[in-house]
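Engineer: Sharing a structure here in structure tokens format.
In the working numbering, the protein residues as written are 50 to 306.
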């Protein structure tokens, strides 16, 4: 269904759909929020979230909205990859993608005092945007899909603060100009690093867009409109990164000897 739509149509749907038709998405906040809390309590995986929280207490990291997004998203992925026996709400079949599309939006929603309906609409925009972009990728790709999930999160966060399509489009374009080279080298604890990097990049892109700033169509693979930028990114993943995927597999296989 999403293969024949656009980001603008997804936004129109999110703005118009009755709340009771999408309130189920609040389960994503409940499930992935619980994973985040668990990640902060224990030493799961690389315990990036809890480590960064400690550095906040030491005064080495500011206690602000940007850091909260980073810590809470990282912690959820820490718990997921570290083996916590808690469910995750996935996106495109991936728990980490679900975490990335959910937790940053939750944190910003709390910051702006959003009610359940507003949170649900923001989460729906995030998850549908992430699915829309991910649908254009090959089934297996060397591109880390935490990046595309975070593009959805950028849309959801921008909507909570601004609500305008142009702001959302600019944020996603900047994301494509920023993290498009991040590779997937298999599921491991280090996925939480990539999740945290992607979430942080999403918030940075939103802040830029709110100031009417974005990576432009004169730079790299980013085009003059966001739909073409997405197409360029997915073409890169579908064609040019096939050799990258083979090389990653060769490197990983050589470590077994």
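Ideal Cβ placement from N, Cα and C applies to all residues, glycine included.
What residues in its chain sit with their C-beta under 7 Å from that of residue 293, if we drop five residues either side in the sequence?
Structural biologist: 191, 232, listed in sequence order.
Engineer: Between 173, 146, 189, 162, which has its C-alpha nearest residue 65's C-alpha?
Structural biologist: Closest option to residue 65, Cα to Cα, is 173.
Engineer: Measure the alpha-carbon distance for residue 277 versus residue 195 and round it to whole angstroms.
Structural biologist: Those two C-alpha atoms are separated by around 20 Å.
Engineer: Can you give me the start and stop residues for the alpha helix (DSSP H) that residue 121 sits inside?
Structural biologist: Start and end: 114-131.
Engineer: Between 104, 156, 122, which has its C-alpha nearest residue 242's C-alpha?
Structural biologist: Nearest of 104, 156, 122 to residue 242, Cα basis: 122.
Engineer: Three Cβ pairs or more, each shorter than 8 Å: is that satisfied between the stretch 151-168 and the stretch 65-83?
Structural biologist: Yes, since at least three Cβ pairs between the stretch 151-168 and the stretch 65-83 fall closer than 8 Å, the two stretches touch.
Engineer: Would you check if the distance between the CB atom of residue 217 and the CB atom of residue 60 is smaller than 8 Å?
Structural biologist: Yes.
Engineer: Can the beta-carbon of residue 75 be found less than 8 Å from the beta-carbon of residue 165?
Structural biologist: Yes; because the gap between Cβ atoms is below 8 Å, this pair is in contact.
Engineer: Using the three-state DSSP reduction, which class does residue 59 fall into: helix, strand or coil?
Structural biologist: Residue state, collapsed to three classes: helix.
Engineer: Among the residues of its own chain, which have a CB less than 7 Å from the CB of residue 214, if the five just before and after it don't count?
Structural biologist: Contacts found: 57, 60.
Engineer: Taking the continuous alpha helix (DSSP H) assigned at residue 78, which residues delimit it?
Structural biologist: Residues 75-90.
Engineer: Considering Cα atoms alone, identify which of 167, 162, 248 is closest to residue 201.
Structural biologist: The residue with the shortest Cα to Cα distance from residue 201 is 248.
Engineer: Please list, in chain order, all residues of the same chain as residue 112 whose beta carbon is under 8 Å from its beta carbon, the five residues on each side excluded.
Structural biologist: Cβ within range, chain order: 105.
Engineer: Residues in its own chain within less than 6 Å of residue 144 by CB, not counting five upstream and five downstream?
Structural biologist: These residues qualify, in order along the chain: 129, 137.
Engineer: I'd like the span of the alpha helix (DSSP H) that includes residue 105, first residue to last.
Structural biologist: First-last of the alpha helix (DSSP H) with residue 105: 97-106.
Engineer: Suppose you measure from the CA of residue 175 to the CA of residue 261; what does that come to, to the nearest Å?
Structural biologist: Approximately 20 Å between the Cα atoms of the pair.
Engineer: To which residues of the same chain is residue 281 closer than 7 Å at the C-beta, ignoring the five residues directly before and after it?
Structural biologist: Closer than 7 Å at Cβ, skipping near neighbours: 270, 272.
Engineer: How long is the line joining the alpha carbons of residue 253 and residue 70, rounded to whole angstroms?
Structural biologist: Those two C-alpha atoms are separated by around 31 Å.
Engineer: Can residue 180 and residue 156 be called in contact, C-beta distance under 8 Å?
Structural biologist: Their beta carbons are not under 8 Å apart, which means residue 180 does not touch residue 156 by this criterion.
Engineer: From the DSSP output, read off the bridge partner residues of residue 279.
Structural biologist: None, per the DSSP bridge assignment.
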